Structures are given as structure tokens and as C-alpha cells.
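Numbering (the numbering used here), first residue to last: 1384 to 1570.
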């Protein structure tokens, strides 16, 4: 069992408890707006807990999938947690000033997680295709570079031999001049 599967299990249990607590114990204590907010928090927590559980069941968990797992965990904590706190705390409590701005940050974390999943699952095929094309081009470039280097080495050896002999045949001079290796007819 992975870390995120444990988090998903705890989050799922917490969401069910929060839903039951809101429906029964807080039924008469919350105004209609707070009750709707509480319900939204539990629904978002359950949906993102299931998403987290599904993501964490795939191996290996890396890259965009890992980012999505962290984003959903952060979103559950900030979004649902702040709404629970805002519903339970009295109006004058100083913690409400802190919890209010964290709710949209949790929502942004949810959005970032879903975008990361889209990147991880769909364009991954496109990414791997481009990676294969780039690898093939690199292999071809390396082969071409090796071929050119071997050709240069053979021409340099030929030029050295010609210099060593002191005289080159017309065929060798023409070949070296054609390859632009700096050995002209006047040399």
C-alpha cells in the first residue's frame, strides 16, 4: 500500500464521517448556506479521494501523476478543510480570516491536479512518439557524424601518406581537392 493510498483511505473515512456529522449532528446548528457549503465540501472530498485512490493504484507514480496526487491531497486539505472550519467557527473567530482565503487555493489545487492528469494520461502518447522520433533523429545524426569522421580520418591518412611520399598521383590530388581538405594542385 502506497502513501497516497493510505491518505485516500483516511480521507474517504473522514469524508463519510463529515457527511454524516453534517447531516445529523449539525442539521439544526447550520444555516442553509452553511449546510450547502458543508455538503459541497464533503462531495468534493469524496470525489477527489476516489481520484487519488485511482491515481495511486497505478505504478509507477511519477511526473504529472505524482503532481496530481499531491495537488488532490492539498486540495482536499485546503478546500474541504477550510469549509469545515468556516462552518464550525463562530463569526468573530480570528481563524476565519485565515481559512477564508485558503478555500480558493484548495480549488486551484484541484484544478491543477486535473490538468496534470490530462497531461499525464493523454499527451503522454504524443510525448513518447516525439521522444521516439527525436531518438531516431539523434541516432541517424550520430551515424552520419561517425561516417563523416571516418571519411576525414581516411583522407587525412591519405594526405599524410602523400606528403610523406613527396609526390601524389593526379588521382589523389583531384580527390583531395574535391573533398576540400586543403590540398590543392599547387602544393
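Beta carbons are placed, not taken as given, at the ideal position from N, Cα and C, and that holds for glycine.
Predicted, not measured: the structure shown is a model, and the values here were computed from it.
{"Check": "Note the first and the last residue of the continuous alpha helix (DSSP H) segment covering residue 1459.", "Outcome": "Run containing residue 1459: none; DSSP gives neither H nor E here."}
{"Check": "Would you decide whether residue 1463 is buried or exposed? Buried here means 16 or more other CB atoms lie within 10 Å of its CB.", "Outcome": "buried"}
{"Check": "Does DSSP put residue 1400 in a helix, in a strand, or in coil?", "Outcome": "helix"}
{"Check": "Any idea what DSSP makes of residue 1442, helix, strand or coil?", "Outcome": "coil"}
{"Check": "Within the chosen definition, does the stretch 1472–1479 reach the stretch 1437–1446 through at least 3 CB pairs nearer than 8 Å?", "Outcome": "no"}
{"Check": "So the candidates are 1449, 1459 and 1451; which of them puts its Cα closest to the Cα of residue 1393?", "Outcome": "1459"}
{"Check": "Would you tell me roughly how many angstroms separate the C-alpha atoms of residue 1416 and residue 1386, rounded to the nearest one?", "Outcome": "35 Å"}
{"Check": "Rank 1412, 1503 and 1481 by C-alpha distance to the C-alpha of residue 1450 and give the top, closest one.", "Outcome": "1503"}
{"Check": "What is the rounded straight-line gap between the Cα of residue 1492 and the Cα of residue 1452?", "Outcome": "10 Å"}
{"Check": "In its own chain, which residues sit with a C-beta less than 6 Å from the C-beta of residue 1388, not counting the 5 before and 5 after it?", "Outcome": "1439"}
{"Check": "Just to check my reading of the structure: residue 1395 and residue 1429 have Cβ atoms closer than 8 Å, yes? What is that Cβ distance to the nearest angstrom?", "Outcome": "7 Å"}
{"Check": "Whose CA, out of 1478, 1456 and 1535, lies closest to the CA of residue 1490?", "Outcome": "1456"}
{"Check": "Please report the distance separating the alpha-carbon of residue 1397 from that of residue 1445.", "Outcome": "26 Å"}
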